[in-house]
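Top line first, the protein sequences correspond to chains A and B. Its first residue numbered 1, the first sequence is counted upward by one per residue in our numbering. Its first residue numbered 1001, the second sequence is counted upward by one per residue in our numbering.
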Amino acid sequence: MNLYGVLLRLYPRDFREEYGEDMAQLLRHQLRDSSATRVWARTVLDVALTAPSLRLEAHMSHQASAPIVYGTATVACLVLAVVAGTSIGVSVVGLAGVLVFGALAFIAWRRARSLEPSGHAAAHWWKYLAVGGAGLAVAIVLAAFSGDDDSEGMWAVFFGGLLVSVGLIAAGLVLGITHAVHGRRGGAPVTGR
Amino acid sequence: MTRKPKPLPGASLYLVLALLDGEQHGYALMRRVAELSDGAWQMGPGTLYGTLSRLVADGLIEETRVDRDESERRRYYALTPGGREVATTELERLRSLVRRVGRAQPAT
């Protein structure tokens, strides 16, 4: 059972505090009633499947993060369309992405606005800026040290990293401005958890 | 225009259907789900309590009471009025599906 105590640590702390005791008790009952090998195999798989999604949910509320994710994808597609100006095919794919992700971002934003206290997601603006900046730095360092490696794979990784980083930085800037405006209008800006 | 509610995902569906029988604690729910699904759904602790916490957050179920003794505690869950409505709608959807498929298939 100590092993399960270790596995439980993979779950978010709030969830663990709320349900950890019940989960360990449930496992004890299962071990009492079924084959230990089968129960443990199922339990390890269960942890592998559920812990990441619960962590993700805990880290960022789904309703608040969806517009940001779609917004970032929109900016990334826009950059792709502009950067690949010489290739009509890639530009068309980029513009199609802008339309699709832009529409999804708008729908998600409308939904999140009616469900979440405003400014909640915007309070995390600096995280997007930090991760985007770090990604950009890594992409630049990789490009500088790649030497004569002109393979398509290398360039695809470089441009992919560059696009995502630029998207994250843009999302961070938009959120930062939103956060500042919200703070001026309604007093103190909402603090992220 | 009223929007049709989206069908519940598998684990949530089985849990709300299991709770149509009345309030139950975690282990009883897990066993009931296995029974309802003819053994196809063997929920682990993470799936069970992860889904229960989402259903509580969505207002479909609620914790009704906690029984404690020296070694164990049992938390009981029940459908809220809204959850009961969703569960009966889901049940009717499944019945309707079976009826339609039954009509389309020749009798064996």
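C-beta: ideal position from N, C-alpha, C; glycine also. Predicted model, so just to flag it, every value in this text is computed and none were measured.
The residues P67, Y70, G71 and T74, in chain order, have a CB closer than 7 Å to that of A:A105 in the same chain once the five nearest residues on each side in sequence are set aside. Any Cβ of chain A closer than 8 Å to the Cβ of B:E1072 would place that residue at the interface, and such an atom is present.
For B:Q1042, the closest Cβ of chain A is nearer than 8 Å. Spanning the alpha carbons of B:G1046 and A:T50 requires a straight line of approximately 6 Å.
In this structure the stretch 1081-1098 of chain B does not lie against the stretch 21-39 of chain A, because fewer than three pairs of beta carbons, one per stretch, are closer than 8 Å. For A:T43, the neighbours in chain B by C-beta distance under 9 Å run, in chain order, G1044, P1045 and G1046. For B:L1094, no beta strand (DSSP E) segment is defined; the enclosing uninterrupted segment is the alpha helix (DSSP H) at P1081 to A1104. Annotated three-state conformation of B:Q1024 is strand, per DSSP. Excluding its 5 nearest sequence neighbours in each direction, B:G1059 has C-beta neighbours in its own chain below 8 Å: T1080, G1082 and G1083, listed in chain order. Using a Cβ-Cβ cut-off of 8 Å, A:Y128 does not count as an interface residue toward chain B, since no Cβ of chain B sits closer than that to its own. At a cut-off of 8 Å between beta carbons, A:L54 contacts chain B. Contact between A:G172 and A:W109 does not hold, since their C-beta atoms are separated by about 16 Å, which reaches or exceeds 8 Å. The DSSP-derived three-state label of A:Y70 is helix. Close CB contacts of A:G94 within its chain, under the 6 Å cut and outside five residues either way in sequence, are with C77, L80 and A81 (chain order).
In the DSSP assignment, B:A1018 forms no beta bridge with any residue.
Residue-level contact check: A:L26 touches chain B, since one or more beta carbons of chain B fall below 8 Å from its beta carbon.
Each residue's CA atom was taken as its position, placing A:N2 and B:Y1027 some 20 Å apart.
Beta-carbon to beta-carbon, B:R1074 and B:V1086 are separated by about 25 Å, too far to satisfy the 8 Å threshold.
Comparing C-alpha distances from A:A48 to each of A:L10, A:D14 and A:E21 shows the shortest one belongs to A:L10. Distance between B:E1023 and B:I1061, taken at the CA atoms: about 10 Å. The beta-carbon separation of A:L54 and B:G1050, rounded to 5 Å, stays under the 8 Å limit for a contact. Your pair B:E1063 and B:L1008 does not check out as a contact, with CB atoms roughly 19 Å apart and the cut at 8 Å.
Linking A:I177 to A:G161 through their CA atoms gives a straight-line distance of about 24 Å. Taking B:R1032 as the centre and dropping the five residues before and after it, the same chain places the C-beta of A1018, D1021 and Q1024 closer than 8 Å to its C-beta, in chain order. Distance between B:Q1042 and A:V100, taken at the CA atoms: about 38 Å.
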